[in-house]
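Protein sequence lines, in the order shown, are assigned to chains Y and V. For the first sequence, position 133 matches number 251 in my numbering, and the numbering has no gaps at all. For the second sequence, position 111 matches number 101 in my numbering, and the numbering has no gaps at all.
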Amino acid sequence: METRVIIADDHSIVRMGLSAILKKYHNGVTDEVSNCAQLMQQLQTETYTHLILDIILPDGNSLEIIENINNLYPKMSILIHSMQPIEVYGKILKKYHIHSYLHKGVSENELNFHLESFIKGVPLSFSKVIENEVNPFSTLAVRELEVLHYLLNGYRTKEISTMLGLKMNTISTIKSVIFEKVKAESFTHLLQLAHVHQISY
Amino acid sequence: MYIKLAIKQYFFILFLAIGVIYPNVSHAQLKYSFERINTENGLPANTIKGVQFDDLNRFLWVATESGLVRYNGHSFQTFGDNEASVNYNGRIVSINRKQDGTIFGRFLDESVFYIQNNRPVKESSSLKINYTNEYLNYKYGLKNTNYKGQKISISNKDFKVKDSYYAFLEGLRESKFYKYNSGEFDSLTFFKNKEQGFVLQDRFFIIDEIGKIKELVTEKKGVVQFENRTSKGLLPVNVNKLSGGLQVFQNGKDEVYLLNANFLYKVIIGLNGIEFKIITDQLPNSEFIHFMQMDIITNTIYLGTDNRGLLIGRPSYFTRIMPFDYNATNSSAVYAQVLLSNGNIQSNSGQLFGNATKNGPLVFYRPAATNTYTTSEHQLLMTNSDGIVEYDLLKDRIAQISNDIEHDRNSFIQVDSTIYSFSVMGIGSKTLHGKWKMKLHFVKTPVGFMSYQCEKINNNEILVTTSDGLYKYTISANSFKRIFRDKNGANFRAIYNLRGYYLIGTYGSGVYMFKDGIIKHIPLDPNKYLNFTHCFILDEQDRIWATTNKGLFMSPAKALIDFWEKGPGNIAYKYYGKLDGIDVLEMNGGCNPCAIKLPNGLISIPGIDGLIQFDPKQLSDSKVIPKAFLDKVVINNIVNVPEILDHNLPSNIKYLELQFGVSGMLSQEDFMFEYKSDNDPWVRLGILNTNINIGNPSFGAHKLNIRIRSSNNKKWETQEINFYVDFPWYLNPFMILFYIGCLTSLIYLYIKLRVIMYRRKQAELENEVLNKTHSIRTMNARLTKRNQAKDQVIAIMNHDILTPLKYLHITADNLVNQIQDPNAKKSIQQISSTTKELEYQTANMLNWVKFESLEQLPPKQNFDLHLLVNNLLEFVDPFKQNCDVQLLNTIPPETIVINWPEQLRVLLYNIVMNSLRSTNKGNISISIITNKSDFTIIIQDTGKGMSNSMAKYLVTGKSKDEVENLPKYKTGNGVGYQIIRSLVALMKAKIEINSVEGKGTTVKLYFNQL
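Given below as structure tokens:
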């Protein structure tokens, strides 16, 4: 079967760099999208064997669409390629049966190696890393991570509730849970903790 | 033997009886000594207008031409020193006694005063006594009738016989004798002016100028009849002018005295008619005596003279006997005394006293020591220069002189038929007729040791007074032990057995009592005369007499025993001294016998200047009860009557003096007067100053307690005087309430004011806090925004710059292989390397910003350091300056450490990057040394190295010199070591740089794993 790869990342140069590397390992199609909406649209029109997906996309957190993608293309290999720390997202990704994660900060050699492995179907295990659960953000659930993303980007409760289609009370409750879990005393403190634990947004 | 002894006893008793019947030792009638009191010692004037002795309160009232005074035996109290009583300073014409005993007197203007509460009180100004009828009415309390008869002048010679009143009116040559009846005078008869009347047992007598007496026998309707009466005891009357003739003094009911020349008689009705008892024959001559009073308790005579003041005659109960053979070489001081068979007395020094004409034997044929002793067989023992001498008093001869034992001022005592002798050497003994033998030699006695007197406690124990205290000799044990020595080390001298209570007189420490092994100190008299007590003797009235250096003390034996049995408050004593006729007060002691009883009842005491003898029976044990009367109250030097204390005293009182009059006519030694102000202790006052001064008395109520008694009477007479000193208006209790109100208001106002001030201040502070809070919030919001902006910048740099740069580099690298044009290829390669450099710089900038703002790190993690270093070296490999430089990871695989992987990666990255920049050849190696709790990462290069100061600068960031030289070594922008220092501090690590210029640099990082 022809290898068909789709890269979803908001930076065109990232997509271009990845495409350039992937060309070394397959001769198939490599398409690119820059946000969640385009990805979902492209998936509906084309079939892909591999998906390289950034977590934070301009129109939202890709976690919001991963479940749908899994449901639609259960056999599609998905590689999460992100700056987010694996210990935060590892459990959730496992829950969605995603076993390949490649941090954007890895060296070029490592990047080449992992991309080649991904294309060739060798799963990238991150179980060891996940065990280091010292990061308080790793205790957050999917919805809480979604809300955290918006909070760190400066959105207010009402705006978040609108974007996620949830009630304001629900968002307030999730906010309280986030603050409690990461033991943040204020929003400023939450930001500091996010920096300390490499949570990008 | 017993018959012989009985015969001896008989002769001795007979001898003593002769002494009683014919007392040759002087024993005269009471002698009187007279003292003159005149203006020189307190009398207002020497012209006496009357004297009255108040025997109830024991004061003598003396009317003079210059005022009225009261005498208490020691001092005069004057009256008339305030405006209300100024008349008492004026001329008083008479002072008499009313029928009820009240003393009254008349001023020159015929106005009247009387004595009430021991102070003169003026009768109402309307009461005048001009004539005899008014006088008699007032004196005898008769009805003040509307007198219609003739006016007769007052003669002060009036009599009450049963219910009749008689009066004399003296004329030029004769006196008219009236009977006063129902407001009228009945003239009865005439008498010669020299004839005087008196009343005894309601019988009226007339005595003429030579002492013949007639008695009024009938008086009826103006007819009187007198009968002659016999009299006894009146010596021939001296009728010369100088003698003043006979003077009769009717001093009270049945108390009549007759004065003639030097004689004063008491007139009584005896079995044989009128009898005259001589009181004294020693009245002073030519004293113009007009008034006479007698204190029958003390036998003191008070005589008022016309112009020579007051004469006070005190009886002398004591007679001083001088030795009849003393001369300049033989002192008159007397110690031990012995009554000789001829009635004379001989002292141990050989002096003779008395007036016996019969020559008697001399017991002390040569001077002997002061301690003698008479045995039951009348052998007198003494020590003199011959030895121990035994003198037989019955045979009047020396019985034995012994030198068998050592002797020196020995004292003796007989127990059963054995005589014991105590001296400084030891104790000797003998039977009554045996030889002396030493029983006990003293090993050591104090210097000057002397035994004074011995007294038997029982047949086995003897008390011995010595110069070293009180000793006890136990015969059966032959032991001589001191049983008491007082703290003053005083000599214990006299000892007297008072029915088993032993009185011990000391020289310097008063009197002790000993009984049953217990010794008690008797309280001293206030003057401490008893400190030097010489000897004791008991009289027939069961009274103990004690001689001292300053007079004589008498205390009932019962009082002394009561002291022992009941306590010190029960002791009573009386002092006899100068006022009683002891002219030389110092008596002698330390001798035996000391005081002796003479057969005639007298007691003979050895004195410093002769013997002192007295008859104790003449000295009655009368218990005079002294009283204290408040006379005057002096407030700020203004004299007031005592009743002023019934009112509140003014608040401006600075000086308060309460002047008391004390009665009793006691000697100052027998007088005890004390006061106690409020809660202060008792204060004793002397009889010469009984004024109580209270300076600046405090405001409010005061209580003054007074108590007075004689030493011979245990019971105190007490008084309580209360007075109240007004508070000044500003300290009045109502004012205090006002002050409290004011204070409360002030406090309220103050609190109110403070509350207002506090509220204002609080409002200001609240505003300030509000402003500050607002300012802080604004600043905080600004800072938060800035932080958020910074974070946003970091996030953007991370996401939108760093990541694209990395992929730009990757893209460029991939393009290089696809482009054939060399120029384009070179350009792309340039883009590739530049983007890599930019990626590194950006990453470092991000790290710098990130770690500079961090205050804490996340929890440590376990990770594989080997892998971390591998990745790192792979990452930095493109930055090598020369392909020959080798990057070596010598850390063993699977080296798990506990640290912060991300921070450690950045730290190593910067250090390795620095090494890469300075290393053109050779290698850069990373190794590790691990221990249990720490590990050290060593980054070593073979680069160009640096100076020590540069290395120091890199570690500390502080080195001015190196900053100046920095361009020489500077290869980067300096951010790398900023990040290194920040991370080393955050990770609590330690960095050490060792570098040799031209050879390379070694950086050591020390980490703690705990």
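Just so it is clear, CB atoms sit at the ideal spot from N, CA and C, and this is done for glycine as well.
Span of the alpha helix (DSSP H) around M134/Y: Within the first sequence, numbered from 1, the residue matching residue 134/Y stands at position 16. M134/Y -> alpha helix (DSSP H) spans 130 to 140.
Residues of its chain near S545/V, where Cβ-Cβ distance is below 8 Å and the 5 sequence neighbours each way are ignored: Residue mapping note: residue 545/V aligns to position 555 of the second sequence, counting from 1. Within the same chain, R533, I534, A536, I561, A562, Y563, K564 come within 8 Å of S545/V by CB-CB distance, once the 5 residues on both sides are set aside.
Coarse secondary structure for W719/V, derived from DSSP in three states: Sequence index remark: in the second sequence, residue 719/V carries index 729 (1-based). Residue state, collapsed to three classes: helix.
From the DSSP output, in three-state form, read off S23/V for me. What you label residue 23/V is simply residue 33 of the second sequence in a count that begins at 1. When secondary structure is reduced to three states using DSSP, S23/V falls in the strand class.
Host alpha helix (DSSP H) of I292/Y (start-end): Translated into the one-based positions of the first sequence, residue 292/Y becomes position 174. Segment 286 to 300, the alpha helix (DSSP H) holding I292/Y.
Cβ pair count under 8 Å reaching 3, the region 823 to 831 of chain V against the region 856 to 863 of chain V: No: fewer than three Cβ pairs fall under 8 Å.
Verify the CB distance criterion: does R122/Y have a CB-CB separation below 7 Å to chain V? By one-based count along the first sequence, residue 122/Y stands at place 4. Taking Cβ atoms only, chain V never reaches closer than 7 Å to R122/Y, which makes this a no.
Check whether the Cβ of R918/V lies closer than 7 Å to any Cβ atom in chain Y. Here the question's residue 918/V lines up with position 928 in the second sequence. The question names Arg, yet the displayed sequence has Ile at residue 918/V. No - not a single Cβ of chain Y is within 7 Å of the one on I918/V.
Span separating the alpha-carbon of E249/Y from that of N852/V: The residue you call residue 249/Y lines up with position 131 of the first sequence. The residue you call residue 852/V lines up with position 862 of the second sequence. Because E249/Y carries a pLDDT of 49, less than 50, the predicted location of this residue cannot be relied on, and the following value inherits that uncertainty. For the pair E249/Y and N852/V, the Cα-to-Cα distance works out to about 10 Å.
Minimum Cβ-Cβ distance from H789/V to chain Y less than 7 Å: Along the second sequence, one-based indexing puts residue 789/V at 799. With its beta carbon less than 7 Å from one in chain Y, H789/V belongs to the interface.
Considering only residues of the same chain and omitting the five flanking positions on each side of S972/V, which have a CB-CB separation below 7 Å? Sequence index remark: in the second sequence, residue 972/V carries index 982 (1-based). Around S972/V: F841, E842.
How many angstroms separate the CA atom of A18/V from the CA atom of L592/V? To locate residue 18/V, count along the second sequence from 1; it is residue 28. To locate residue 592/V, count along the second sequence from 1; it is residue 602. Summary for A18/V: the model assigns pLDDT 44, below 50, so the residue's position carries little reliability, and this model does not support an answer.
Where N757/V falls: helix, strand or coil (DSSP): Against the second sequence, residue 757/V aligns to sequence position 767. Three-state DSSP puts N757/V in a helix.
L430/V and N468/V closer than 7 Å at C-beta: As a first step, residue 430/V is located in the second sequence; it is residue number 440 there, counting from the start. As a first step, residue 468/V is located in the second sequence; it is residue number 478 there, counting from the start. Yes, the pair counts as a contact, with Cβ atoms nearer than the cut-off.
Secondary structure, alpha helix (DSSP H): runs of 4+ residues fully inside the region 194 to 243 of chain Y: Counting only runs of at least 4 residues, the region 194 to 243 of chain Y fully encloses the following alpha helix (DSSP H) elements, listed from N- to C-terminal order: 204 to 213, 226 to 237.
Could you spell out where the alpha helix (DSSP H) holding K796/V opens and where it closes? Counting from one through the second sequence, the residue named residue 796/V turns up at place 806. Run containing K796/V: 793 to 808, per the alpha helix (DSSP H) assignment.
Beta carbon of S318/Y nearer than 7 Å to that of H799/V: Counting from one through the first sequence, the residue named residue 318/Y turns up at place 200. Counting from one through the second sequence, the residue named residue 799/V turns up at place 809. For S318/Y and H799/V, no; Cβs fall outside 7 Å.
Could you tell me whether any Cβ in chain V is nearer than 7 Å to the Cβ of L309/Y? In the first sequence, counting from the first residue as 1, residue 309/Y sits at position 191. Yes, contact with chain V.
For I248/Y and chain V, any beta-carbon pair shorter than 7 Å? Against the first sequence, residue 248/Y aligns to sequence position 130. Only weak support exists for where I248/Y lies, its pLDDT of 48 falling under 50; the coordinates are left without a value.
Taking Cβ positions only, does T306/Y come closer than 7 Å to chain V? Locating residue 306/Y in the first sequence gives position 188, where the first residue counts as 1. Yes - at least one Cβ of chain V is within 7 Å of the one on T306/Y.
For V314/Y, go through chain V and note every residue whose CB falls closer than 8 Å to its CB, in chain order. Looking up residue 314/Y in the first sequence gives position 196. Per Cβ cutoff of 8 Å: L844, Q846, L847, P848.
Top-ranked residue by Cα proximity to N179/Y, from L190/Y, M194/Y, I198/Y: Stepping through the first sequence from its first residue, residue 179/Y is reached at position 61. Out of L190/Y, M194/Y, I198/Y, I198/Y has the C-alpha closest to the C-alpha of N179/Y.
Contact check, N578/V vs V324/V under 8 Å by CB: the rounded distance? In the second sequence, residue 578/V corresponds to position 588, counting from 1. In the second sequence, residue 324/V corresponds to position 334, counting from 1. Their Cβ separation, rounded to whole angstroms, is 6 Å, which keeps N578/V and V324/V in contact under 8 Å.
Distance check for Q327/V and I527/V, CA to CA, integer angstroms please. The sequence position of residue 527/V within the second sequence is 537, counting from 1. The sequence position of residue 327/V within the second sequence is 337, counting from 1. Between the alpha carbons of I527/V and Q327/V lies a gap of roughly 14 Å.
Might you give, ordered along the chain, the residues of its own chain that have their beta carbon closer than 6 Å to the beta carbon of T290/V, omitting 5 neighbours on each side? To locate residue 290/V, count along the second sequence from 1; it is residue 300. Non-local C-beta neighbours of T290/V in its own chain, meaning closer than 6 Å and more than five positions away in sequence, comprise R304, ordered along the chain.
Taking C-beta pairs closer than 7 Å, name the residues in chain Y that A785/V reaches, listed in chain order. Residue mapping note: residue 785/V aligns to position 795 of the second sequence, counting from 1. Chain Y residues near A785/V: S318, Y319.
Is V132/Y close to chain V, meaning its C-beta is less than 7 Å from at least one C-beta of that chain? The residue given as residue 132/Y occupies position 14 in the first sequence. So yes, V132/Y belongs to the interface.
Give me the residue from S667/V, S701/V, R697/V with the minimum Cα distance to Y714/V. Your numbering for residue 714/V matches position 724 in the second sequence. Nearest in C-alpha terms to Y714/V, of all of S667/V, S701/V, R697/V, is S667/V.
Classify V15/V as helix, strand or coil using the three-state DSSP reduction. As a working mapping, residue 15/V is identified with position 25 in the second sequence. Here V15/V scores only 37 on pLDDT, less than 50, and its place in the model is too uncertain to base an answer on.
Do we get a CB-CB distance below 7 Å when we pair Y899/V with the residues of chain Y? If you number the second sequence from 1, residue 899/V lands on position 909. It does not; no Cβ of chain Y falls within 7 Å.
Under the rule that 16 or more other beta-carbon atoms within 10 Å means buried, what is I886/V, buried or exposed? In the second sequence, residue 886/V corresponds to position 896, counting from 1. Residue environment: I886/V is assigned as exposed (fewer than 16 neighbouring CB atoms within 10 Å of its CB, all protein chains considered).
Could you name the residues of chain Y that N889/V contacts, counting a contact when the two beta carbons are closer than 7 Å? The count along the second sequence starts at 1 and reaches residue 889/V at position 899. The contacting residues do not exist; N889/V stays about 12 Å from chain Y at best.
Tell me the DSSP bridge mates of R304/V? The sequence position of residue 304/V within the second sequence is 314, counting from 1. The partner list for R304/V (beta bridge, DSSP) reads S23/V.
How do the region 229 to 241 of chain Y and the region 200 to 214 of chain Y stand: do at least 3 beta-carbon pairs fall below 8 Å, yes or no? Cβ pair count under 8 Å is below three, so no.
Burial state of H397/V (16 or more Cβ within 10 Å): The residue labelled residue 397/V in the question sits at position 407 within the second sequence. When all chains shown are included, H397/V counts as buried.
Taking the alpha carbon of V875/V as the point to measure from, which residue in N913/V, N146/V, K210/V, L976/V has its own alpha carbon closest? Here the question's residue 875/V lines up with position 885 in the second sequence. When only C-alpha atoms are compared, the closest one is N913/V.
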